[in-house]
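Enquirer: UniProt numbering puts the sequence shown at residues 1 to 259.
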Amino acid sequence: MMLEFRAGKMHLEGKRVVPDTRKGLVRIDRGEEGLIHFQWLDRTLNAVEDDQIIFPEEAVFEKVGQASGRVYILKFNTDDRKFFFWMQESNADGDEELCASVNYHINRPLEILEEEPDTSALQTSEEMVEDDISSRAGNIVLPNLGSGSMSDVTSSSGPVRLEDLQRILSNIEPGGINSDLRFGLGDIFRPDLIMPLMGTLPVEERLASYLPEGPWTPEDILELLQSPPFRQQVDSFTYVLKTGQIDLSQFGVDPSKCK
1 MMLEFRAGKM
11 HLEGKRVVPD
21 TRKGLVRIDR
31 GEEGLIHFQW
41 LDRTLNAVED
51 DQIIFPEEAV
61 FEKVGQASGR
71 VYILKFNTDD
81 RKFFFWMQES
91 NADGDEELCA
101 SVNYHINRPL
111 EILEEEPDTS
121 ALQTSEEMVE
131 DDISSRAGNI
141 VLPNLGSGSM
151 SDVTSSSGPV
161 RLEDLQRILS
171 NIEPGGINSD
181 LRFGLGDIFR
191 PDLIMPLMGT
201 LPVEERLASY
211 LPEGPWTPED
221 ILELLQSPPF
231 RQQVDSFTYV
241 LKTGQIDLSQ
251 FGVDPSKCK
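Below, the structure is given as structure tokens:
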């Protein structure tokens, strides 16, 4: 666990953003797959309700200036997602420091996470005196917002989701993919290596569930493997695996046996 602090979340009602009066907790943690998770928990139930995977330079956490009360927003630069929170810590003087800490943790390069130990210096204790959360929530006023200002938060505390993997691949600069890699997945998906498998293994049957609907011949599969879009994605995925941005154990591979 890197950081956590008490904060309620807010939700959209019509064109207004209103506070959820429950006691909440924002937690920033590193998942088993090695990626940064921004989570919101119901403190009463001690349950993770919302979970967002954030990549470096993808989002910013900042105070909402036009709102009364201690209201903060997590907004993404890569899409229109916006999530609002209201501070429930008893000491408002620490809000600015917490905000800076959030931005520090969500924007650290992934490589640094391998070298630096997690810190919980700003972790708050549940033994601290609780303020009257419901009454404070009622005093928060936000300006009217369009219905598209917020999007649903996906709850997920499991492995990397497909959309997250796609975001990893789309954020990689193509120019630097192969500069430091001596061997990649593209070296495996070669016609001279794949063609013999087509006649000896049930490749078509095993691949059918991962391909678009319709008949697929061995020649069609070979053509797909050699297509520029597929090769680019293979190179990108090689980069993700080589740099340790995804835990190999999710694919049934023991990381300790790989270099």
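Beta carbons are placed, not taken as given, at the ideal position from N, Cα and C, and that holds for glycine.
(1) DSSP three-state label for residue 297, please.
(2) Check each candidate in 78, 82, 77 and name the one with the smallest Cα separation from residue 71.
(3) What span of residues does the beta strand (DSSP E) with residue 25 cover, start to end?
(4) Can you tell me whether residue 153 is helix, strand or coil according to DSSP?
(5) Between 87, 187, 53, which lies nearest to residue 29 when the distance is taken from Cα to Cα?
(6) Would residue 69 and residue 140 be called neighbours here (beta carbons separated by less than 8 angstroms)?
(7) Are residue 222 and residue 230 close, meaning C-beta to C-beta below 8 angstroms?
(8) Whose C-alpha, out of 137, 66, 21, 227, is nearest the C-alpha of residue 44?
(9) Taking only three categories from DSSP, how would you classify residue 63?
(10) With DSSP run on the structure shown, which of helix, strand or coil describes residue 187?
(11) Going by DSSP, what residue range makes up the alpha helix (DSSP H) through residue 92?
(12) Going by DSSP in three states, residue 102 sits in which element: helix, strand or coil?
(13) Just curious, the beta strand (DSSP E) that residue 109 is in, first and last residue?
(14) Taking the straight line between their C-alpha atoms, what separation do you get for residue 207 and residue 217?
(15) Looking at residue 41 and residue 25, is the spacing between their C-beta atoms short of 8 angstroms?
(16) Residue range of the alpha helix (DSSP H) that residue 220 falls in?
(17) When the distance is taken between beta carbons, is residue 102 closer than 8 angstroms to residue 61?
Expert: Based on what the coordinates show:
(1) Because the chain spans 1 through 259 in this model, residue 297 falls outside it and cannot be assessed.
(2) 82
(3) 24-30
(4) Note that residue 153 scores a pLDDT of 37, beneath 50, so its modelled location is shaky; the value from the coordinates is reported in the next line. Reduced to three states, the DSSP call for residue 153 is coil.
(5) 53
(6) yes
(7) no
(8) 21
(9) strand
(10) helix
(11) Careful: residue 92 lies outside any alpha helix (DSSP H) and carries neither H nor E.
(12) helix
(13) Taken as a continuous stretch (DSSP letters only), residue 109 belongs to no beta strand (DSSP E), as it is neither H nor E.
(14) 11 angstroms
(15) yes
(16) 218-225
(17) yes
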